[in-house]
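**Student:**
There are 2 protein chains.
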Amino acid sequence: MTNASFKPTLPFIKAHATGNDFVVVDSVTQSIELSERDTIFLCHRQTGIGADGLLRIAKASDFGVSDAHFFMDYRNADGTIAETCGNGLRVFARVLVELGYEERGTFTIGTRAGTIRVAVSPDDVNFENISVQMGKPQSHDITEIQVQTEGGLWAGKGVFMPNPHCVVNTVDISSVGTLLQAPKVSPSTAFPQGVNVEFIEPIGDTHIAMRTFERGVGETLSCGSGACAAASVWAHDNDLKTPWTIQVDVLGGTLFIDSALDGILTLRGPASVVATGFAKGNEWQI
Amino acid sequence: MTNASFKPTLPFIKAHATGNDFVVVDSVTQSIELSERDTIFLCHRQTGIGADGLLRIAKASDFGVSDAHFFMDYRNADGTIAETCGNGLRVFARVLVELGYEERGTFTIGTRAGTIRVAVSPDDVNFENISVQMGKPQSHDITEIQVQTEGGLWAGKGVFMPNPHCVVNTVDISSVGTLLQAPKVSPSTAFPQGVNVEFIEPIGDTHIAMRTFERGVGETLSCGSGACAAASVWAHDNDLKTPWTIQVDVLGGTLFIDSALDGILTLRGPASVVATGFAKGNEWQI
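Protein chains in written order, with my numbering: chain U, 10 to 295; chain A, 10 to 295.
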């Protein structure tokens, strides 16, 4: 069996970071432009390769970015443009190192939300501990937030990372129910653009379990900014002093959130490459 | 970018037939044994490649089958062994032809449900009209079957292909509701092993639209045996005389069901190859 049989010609990598999965396309050695329709095709679970989103590796200079070598051109599975993604950045950092585009150590990646610092340690042979600087959490002004799920009515805390999150403390995260339907967050004025909801459960002093419901998607295996929001609420509620590290067990694996003295959060965790190959074209041209 | 970067070494093909998708692994040129855990890994949507099932191409002689060259070793995404699958057979037939294992024309494929006749016409350059012999539908003895959905209560007709189906006539298939939850079929004694439910809507004299809810899975883009069951109910209700052909529009594309004079049904439709590549191993060994 050879790849030549079917003549699919778009090189791709399928990878995931704690269950958040991506199709990665390298547009550095040969320029590849992907339309909205291409993205939808590649990310479709049944009729394409299937992924939460598409990460195109572009030269930073093509996006007018001078403080990074490469730019993460990130698209959602529905073809729309997205700013950035903590889990996606771990995958992106690993791929840059494996392709020989960046050396192990600390480097920067351009995104639509600004240039982000990442680190892939020389010791981290299996890419289990890639870190991404995520910024500082900001608490919501509205403090009386309620979240209705199948399992009952809960108190929520609003945190911006800067995308909107609502963190719910529980004794047992299974008690919130199936999450087949979106949790209902009130007052509706609290998050006019919608909100991601994180349910957390204590495991230890600096160790929590988390389930996440992403707006417009549903329950997902992992959410990097959600883990940061959850850790910041846990640290606040438990009077942790910076610097601290909190382990967050998500359905798709284990994440660590580090807070620096100044409160800036770093997301750490693994990135896995599942497959490499060639995809059939839809509209794209090399 | 080369495939060598990450050293994934299991060759695979990702393909679909009207939205029913499969990872295909060739175990002919080099013997590949896949464990239940390998199958679960490869079929996982986020942390693997993602598919409804896995099709391993094996030598028919390895399964004691003498009336076919190759055997479709079919596994469900949960790692369990499955007997056969009409949409899977179209994908399998295409791949056998593209790999040069079978010549275009009519040939046979061994399955756990017996040896099945398929046809890939020399004229069908784009593999849009692959046919699979599906057998004869058998009506259920129980004629008073009711199906409860979000949209209301419906009358159902039981058909075995030989797997169990319950076909519901509607004026508009959207009126049954979301199908996020399994339709409730009663009496519960009618299908002790569970049942797939097909909702059909008239488009023309020999043309219907169909939605399908597969037991244990949910609403899917296509179901080959379900399309056969639906067409047989439509033909019966509309007094069609054999031979007949009925077009069935499913969410994932278009299928044609042909009935021969003797009532044996053939499923016809496309099969698409989406990607070829190399997957990271889990437990498997070459």
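From the three backbone atoms N, C-alpha and C, an ideal C-beta is built for every residue, glycine too.
1. Opposite Arg220 (chain U) in the DSSP bridges: which residues?
2. Can you confirm whether Ala365 (chain U), when its beta carbon is compared against all beta carbons of chain A, has any partner nearer than 8 Å?
3. Per DSSP, what kind of secondary structure is Ile273 (chain A) in: helix, strand or coil?
4. If you draw a straight line from the C-alpha of Leu264 (chain A) to the C-alpha of Gly186 (chain A), how long is it?
5. Since Ile300 (chain U) and Thr285 (chain U) should fall inside the 8 Å C-beta cutoff, what is the C-beta to C-beta distance between them, to a whole number of angstroms?
6. First and last residue of the alpha helix (DSSP H) that includes Asp61 (chain A)?
7. Taking Arg54 (chain A) as the query, report the chain U residues whose CB atoms sit under 7 Å from its CB, ordered along the chain.
8. Can you check whether the C-beta of Phe287 (chain U) is within less than 8 Å of a C-beta belonging to chain A?
9. Among U:Thr56, U:Arg46, U:Leu108, which has the Cα closest to the Cα of Val33 (chain U)?
10. Using a cut-off of 7 Å between C-beta atoms, extract the partners of Ala86 (chain U) located in chain A.
11. Can you list, in chain order, the residues of its chain whose CB lies under 6 Å from that of Lys166 (chain U), leaving out five sequence neighbours each side?
12. Enumerate in chain order the residues of its own chain whose CB-to-CB distance from Leu252 (chain A) is below 8 Å, with the five nearest sequence positions on each side excluded.
13. Please report the distance separating the alpha-carbon of Phe50 (chain U) from that of Cys232 (chain A).
14. Name, please, each residue of chain U whose Cβ falls closer than 9 Å to the Cβ of Leu264 (chain A).
15. Which residue marks the beginning of the beta strand (DSSP E) containing Gly119 (chain A), and which one marks its end?
16. Spatial neighbours of Glu223 (chain U) within its chain, please: C-beta separation below 7 Å, excluding the five flanking residues on both sides.
17. Mind checking Gly308 (chain U): buried by the 16 CB within 10 Å criterion, or exposed?
18. Assuming the contact rule is C-beta atoms closer than 8 Å, Ala288 (chain U) and Leu19 (chain U) should be a hit. Round their C-beta distance to whole Å, please.
19. If you draw a straight line from the C-alpha of Val194 (chain U) to the C-alpha of Val156 (chain U), how long is it?
20. Between Phe236 (chain U) and Ala26 (chain U), which are expected to be in contact by the criterion C-beta below 8 Å, what is the C-beta distance as a whole number of angstroms?
21. Is there at least one Cβ from chain U nearer than 8 Å to Gly28 (chain A)'s Cβ?
22. State buried or exposed for Gln55 (chain A), treating a residue as buried only when at least 16 other CB atoms are found within 10 Å of its CB.
23. Should Gly262 (chain U) go down as buried or exposed, given a rule of 16 or more other Cβ atoms within 10 Å for buried?
24. Give the residues of chain A in contact with Val283 (chain U), contact being defined as C-beta atoms less than 8 Å apart.
25. Would you kindly work out how many angstroms separate the C-alpha atoms of Ala239 (chain U) and Lys250 (chain U), rounded to a whole number?
26. Any idea what DSSP makes of His149 (chain A), helix, strand or coil?
27. Would Glu292 (chain A) pass as an interface residue toward chain U - the criterion being a Cβ-Cβ separation below 8 Å?
28. CA-CA distance, Val4 (chain A) and Ile154 (chain A)?
29. Of the residues A:Thr89, A:Gly88, A:Arg103, which one's Cα is nearest the Cα of Gly95 (chain A)?
30. Give every residue of the same chain whose Cβ lies closer than 6 Å to the Cβ of Val259 (chain U), excluding the five residues on either side of it in the sequence, and list them in chain order.
31. Using 10 angstroms around the beta-carbon of Asp246 (chain U), count the other beta-carbons present and answer buried if the total reaches 16, otherwise exposed.
32. Within 10 angstroms of the Cβ of Ile90 (chain A), are there 16 or more other Cβ atoms? Answer buried if so, exposed if not.
33. With H, G and I counted as helix, E and B as strand and the rest as coil, what does DSSP make of Arg54 (chain U)?
34. Under 6 Å Cβ to Cβ from His216 (chain A), same chain only, skipping five residues before and after it: list those, please.
35. By the 10 Å Cβ neighbour count, where 16 or more other Cβ atoms means buried, how is Leu43 (chain U) classified, buried or exposed?
36. By the criterion of Cβ-Cβ separation under 9 Å, what are the contact partners of Leu230 (chain U) in chain A?
**Tutor:** Let me spell this out:
1. U:Phe208
2. Summary: the structure shown does not reach residue 365 (chain U), with chain U confined to residues 10 through 295, and so no result is reported for it.
3. coil
4. 23 Å
5. Since the first residue shown for chain U is 10 and the last is 295, residue 300 (chain U) is missing from the structure and cannot be characterised.
6. Note, Asp61 (chain A): premise wrong, no alpha helix (DSSP H); not H, not E.
7. Arg54, Gly59
8. yes
9. U:Leu108
10. Result: empty, since nearest Cβ-Cβ is about 12 Å, beyond 7 Å.
11. Val176, Val242
12. Reading off the sequence shown, one finds Pro at residue 252 (chain A), where the question assumed Leu. Here the set comprises Asp267, Ser268, Ala269, Leu270.
13. 21 Å
14. Within chain U, no residue comes near Leu264 (chain A); the closest Cβ sits about 15 Å away, beyond 9 Å.
15. 114 to 120
16. Asn205, Thr229, Cys232
17. Coverage of chain U is limited to positions 10 through 295, which leaves residue 308 (chain U) absent and any answer about it impossible.
18. 4 Å
19. 5 Å
20. Note that residue 236 (chain U) is Ala in the sequence shown, not Phe. Not a contact, Cβ separation roughly 11 Å.
21. yes
22. buried
23. buried
24. Pro17, Thr56, Gly57, Ile58, Ala288, Lys289
25. 16 Å
26. coil
27. Low local confidence applies: a pLDDT of 45 at Glu292 (chain A) is under 50, so the model's placement there is unreliable, with the coordinate-based value given in what follows. Output row for Glu292 (chain A): interface = no.
28. Only positions 10 to 295 of chain A appear in the structure, and residue 4 (chain A) is not among them; the question remains open.
29. A:Arg103
30. Thr27, Met219, Ser231
31. exposed
32. exposed
33. coil
34. Gln256
35. buried
36. Gln55, Thr56
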